[in-house]
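See below for the structure under consideration.
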Amino acid sequence: MFFKRLFATIAVALSFAGAVQADEQAKAWLEQGVLIDTRTENEFNAGHIEGAELIPYDEIAMQIASIAEDKSTPILLYCRSGRRAGVAEQALQSLGYTNVRNLGGIDQAKAALAVN
């Protein structure tokens, strides 16, 4: 039990440290690329990060070329918790997109991009 707690604490600390280090990279990517909300239309309409494009995670492969034809375009993804953005990230990478990043959930994405 002790080791499970220790491992969980270390994992949280490392993921938090990684998010802090990645802030500047995420902001730079946003200036050159696109921010995609991979949630549902209802979730998007209830609130999203300004400037984000809506492409639900299960439609990303069919719709990505409409906003990012160049496969080297920086693409930042987020959803509610990070799971759907992760699925979308894998789909884009399998299509040959080379600069794809999962920002996690919407709150993590807001923190990484320093937006409200």
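Under mature numbering (1 follows the signal peptide of the UniProt record, and there is no 0), residues -22 to -1, 1 to 94 are what the sequence shown spells out, in order. By construction, the Cβ of each residue, glycine as well, lies at the ideal position given by its N, Cα and C atoms. Predicted, not measured: the structure shown is a model, and the values here were computed from it.
Within the same chain, and ignoring the five residues on either side of Leu70 in sequence, the residues whose Cβ sits closer than 6 Å to its Cβ are Val78.
Between Pro52 and Ser59, the alpha-carbon positions lie close to 21 Å from each other.
According to the DSSP assignment, Leu73 belongs to no alpha helix (DSSP H), since it is labelled neither H nor E. A direct Cα-Cα distance of roughly 17 Å separates Lys49 from Ile33. Linking Ser72 to Ile27 through their CA atoms gives a straight-line distance of about 26 Å. In this chain, the beta strand (DSSP E) harbouring Asp15 covers 12 to 15. Taking the CA atoms as reference points, Gly11 sits about 8 Å from Leu54. Taking Ala24 as reference, the option from Ser44, Ala39, Ala89, Cys57 with the minimal CA-CA separation is Cys57.
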